[in-house]
Amino acid sequence: MMGRHGRRTWVLAAAMVAAWVAPAAANGDAGELARELAKLRADVERLSGDIERHKDESRARLRTLTAQRADLELELQRETLRVEHVTAAIGKERARIQAAAEAQAALVPVARELVAGLRRWVEAAMPYRKAERLEAADALAGKLERGELKPAQVVARWWEAVEDELRIARESALDRQVVTLDGPSGPEERLVDVLHLGMVGMVFRAPGDDPRHDRYGRLVRQGAGWGWETFEGEADRQQVAALFDAFDKRIRVGFFELPNVLLAPATEATR
5 MMGRHGRRTW VLAAAMVAAW VAPAAANGDA GELARELAKL RADVERLSGD
55 IERHKDESRA RLRTLTAQRA DLELELQRET LRVEHVTAAI GKERARIQAA
105 AEAQAALVPV ARELVAGLRR WVEAAMPYRK AERLEAADAL AGKLERGELK
155 PAQVVARWWE AVEDELRIAR ESALDRQVVT LDGPSGPEER LVDVLHLGMV
205 GMVFRAPGDD PRHDRYGRLV RQGAGWGWET FEGEADRQQV AALFDAFDKR
255 IRVGFFELPN VLLAPATEAT R
């Protein structure tokens with residue numbers, strides 16, 4: 005069966021033959037006609053070969069495109085399955101996140117109360133580095149309210165702060181602190197050496213013009229607050245001076261005789 009291109013080729017060839025036959029017959033040039041017919045036959049064969057080659061190329065491209073389509077359809081099926089699996093995984097993760105968020109939300113009141121309790125403890129406890137300890141508690145509360153830390157993280161930080169408080173209660177340490185002392189013209193703030201004995205007492209040493217004029221005293225309760233009381237007796241001063249001297253020399257173990265430096269139990273007003 006001859007295709008459309010084949011029919012067009014033979015029609016073209018017949019037209020070319022008719023175009024050359026009439027002039028050649030009229031001139032009686034049979035040899036020229038034969039040569040032209042041979043040339044036309046060659047052109048027809050060449051065109052026919054070109055048509056067959058184009059057909060072969062088209063069939064090859066069609067086979068290639070068919071194979072590519074099959075590959076793409078298979079890849080589409082794989083991607084569809086992958087999307088379904090990812091969608092299911094996302095759904096599970098969202099459910100887990102939602103459950104975690106609900107659990108975190110339930111912890112917020114607990115964390116808030118723990119931090120508030122820590123602040124109340126620092127307010128009522130012995131005022132050793134009180135400003136720093138209160139600032140740490142307030143910073144933790146602020147991060148909880150602003151959402152900068154999750155409730156579980158706040159609880160972890162709260163426990164670290166509690167461990168710091170327990171460490172202070174276990175240790176005795178030499179430090180420096182600003183205290184309010186009675187001066188010649190009334191109360192005045194001074195930077196003095198302090199020595200806290202756990203959380204049960206704290207004594208101070210206010211340097212004078214020379215060591216003989218150093219002032220020594222202790223922390224005392226004054227109603228709902230705190231104050232500093234100077235030792236007037238020479239024996240009390242010498243005992244506290246010996247304790248400071250030992251700590252200056254990094255002597256932490258030994259027997260020390262001291263005046264009463266223990267804090268009275270907290271009253272209802274200070275609890």
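All letters in the sequence shown, in the order written, are residues 5 to 275 by my numbering.
Heads up, the beta-carbon is just placed ideally off N, CA and C, and yes, glycines get one too.
These numbers come from a predicted model, not from an experiment.
With a threshold of 16 other CB atoms inside 10 Å of the CB of residue i, please say whether the residue is buried or exposed.
i    : result
W162 : buried
F208 : buried
D240 : buried
M6   : For M6, the predicted model reports a pLDDT of 45, less than 50, meaning its position is unreliable and no value from the coordinates is stated.
G227 : exposed
A30  : Below a pLDDT of 50, predicted positions are generally treated as unreliable, and A30, at 49, falls in that range; no measurement from the model is reported.
F260 : exposed
V244 : buried
V257 : exposed
R137 : buried
L85  : exposed
V87  : exposed
A115 : buried
A93  : exposed
A64  : exposed
Residues in its own chain within less than 6 Å of residue i by CB, not counting five upstream and five downstream?
i    : result
G237 : none
F235 : Y220, G221 and R241
Considering only C-alpha positions, which residue in the set the options is nearest to residue i?
i    : options                   : result
V159 : A120, A246, Q181 and K96  : A120
R133 : L153, M206 and Q243       : M206
A105 : L144, E83, A115 and K154  : K154
G221 : G231, E149, Q102 and D213 : G231
L223 : G212, R216, L266 and Q243 : L266
Q108 : L148, P131, L51 and E97   : L148
G202 : T68, D168 and A64         : D168
M130 : L37, F248, A173 and V48   : A173
P215 : R225, E193, G229 and F248 : F248
A165 : R150, S176, D142 and G151 : D142
Less than 7 Å between C-beta atoms, sequence neighbours within five positions excluded: which residues of the same chain meet that for residue i?
i    : result
V204 : L266 and L267
A210 : L185, R194, V196, D218 and R219
A103 : none
P188 : none
F251 : L178 and L199
Quick one: what's got a C-beta closer than 8 Å to residue i's C-beta in the same chain, skipping five residues either side?
i    : result
V112 : L148 and P155
P191 : T184 and L185
The ligand COA and residue i: does any heavy atom of the ligand fall closer than 6 Å to the residue's C-beta?
i    : result
E149 : In the structure shown, the ligand COA is absent, as is every other ligand, since no ligand is present at all.
Continuous alpha helix (DSSP H) assignments of at least 4 residues falling wholly in the segment 201-266 | Runs found: 238-252.
Do the segment 192-200 and the segment 166-183 meet, that is, are 3 or more Cβ pairs less than 8 Å apart?
-> yes
Quick one: which unbroken alpha helix (DSSP H) runs of 4-plus residues sit fully inside the segment 113-165? Chain order, please.
-> For the segment 113-165, whole alpha helix (DSSP H) runs of length 4 or above, ordered along the chain, are 134-150.
Write down every uninterrupted run of the beta strand (DSSP E) in the segment 63-92 whose length is 3 residues or greater and which is fully enclosed by it, in chain order.
-> Correct list: empty.
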